[in-house]
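Down below is the structure, laid out as structure tokens.
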Amino acid sequence: MNIKPTPSESVVDAPRREQPAAAAAPDADKVDASHAIRAWARLDGALATYRNEVRKEVGLTPLQLSILQLAHERPVVTLRDLRRLLAAHPATLGQAVAGLTELRLCRVARSPADRRVRMVTLTRRGRAVIGRVPFAGPLCLARRVTSAAKLRSLRRALDDAIELFGLVPWADRVPRAALVSEE
575 MNIKPTPSES
585 VVDAPRREQP
595 AAAAAPDADK
605 VDASHAIRAW
615 ARLDGALATY
625 RNEVRKEVGL
635 TPLQLSILQL
645 AHERPVVTLR
655 DLRRLLAAHP
665 ATLGQAVAGL
675 TELRLCRVAR
685 SPADRRVRMV
695 TLTRRGRAVI
705 GRVPFAGPLC
715 LARRVTSAAK
725 LRSLRRALDD
735 AIELFGLVPW
745 ADRVPRAALV
755 SEE
């Protein structure tokens with residue numbers, strides 16, 4: 575699906591797509607929609623600002639920071655664990671971990687029990703970086719004590735957002751096996 579106009583077609587000249595006729599929304603519905611849009615923009619902006627500040631402060635991508643946070647929280651974390659928990663493609667994860675090892679923030683070693691298993695551990699320098707960065711974002715859900723009802727409500731709201739924003743065709747492209755498991 576091409577979502578951009580072709581080079582020969584300007585946005586102004588692009589053919590208009592037929593939109594389904596919608597009943598005029600009462601003013602209250604328009605206000606509710608406006609509040610929902612502002613709430614989404616606030617969340618989206620907060621995440622973007624956090625990620626930008628982390629990148630500026632410590633030079634890490636969100637994926638790299640998540641790897642360090644998980645390695646900090648668990649006595650042993652393997653590359654397989656990280657792929658599952660972060661829903662990351664193996665090559666993408668490998669590049670992120672390689673960048674962290676180059677920065678001497680973590681080490682990767684083979685498990686003595688099973689040489690096929692590669693374990694990721696923080697270095698002293700990695701622990702210092704984690705100590706400087708405020709913990710925020712979706713991984714907080716695993717750390718903070720939150721009621722199961724509130725987590726279910728959040729999951730339903732996020733699923734609704736995907737549907738209401740018209741993002742289902744793209745959300746469904748994420749392989750189910752790559753999604754974070756419900757442990």
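FYI, in this note's numbering the residues of the sequence shown are 575 to 757.
All C-beta atoms, glycine included, are put in the ideal place defined by N, C-alpha and C.
Residue i in three-state terms, based on DSSP
i    : result
T697 : coil
R658 : helix
A710 : coil
R718 : coil
R678 : coil
A683 : strand
L741 : coil
S582 : Residue placement at S582 is poorly supported in this model, since its pLDDT is 40, which falls under 50; the coordinates still yield a value, given next. Correct three-state label for S582: coil.
L634 : coil
D618 : helix
S727 : helix
D606 : helix
D688 : coil
H663 : coil
D746 : coil
Residue(s) in a DSSP beta bridge with residue i
i    : result
T652 : M693
Chain-order list of residues whose beta-carbon lies under 7 Å from that of residue i (same chain, five-residue window excluded)
i    : result
Q638 : A670, G673 and L674
L644 : V651, L656 and L659
P636 : R625
S640 : L660 and L713
Cβ-based neighbour list, residue i, same chain, cut-off 8 Å, excluding 5 preceding and 5 following
i    : result
V586 : Here the model assigns V586 a pLDDT of 41, short of 50, so the residue's position is not dependable, and the following value carries that caveat. Same-chain partners within the cutoff: there are none.
A683 : R692, M693 and T695
F709 : Q643 and R717
G668 : L653
Separation of residue j from residue i, as counted between CA atoms
i    : j    : result
T695 : V605 : 49 Å
R678 : R699 : 7 Å
S685 : L653 : 11 Å
R717 : D734 : 24 Å
G633 : L715 : 24 Å
R681 : R701 : 12 Å
Contact set for residue i: own chain, Cβ-Cβ below 6 Å, skip 5 residues either direction
i    : result
L614 : Residue identity check: residue 614 is Trp in the sequence provided, not Leu. Here the set comprises nothing.
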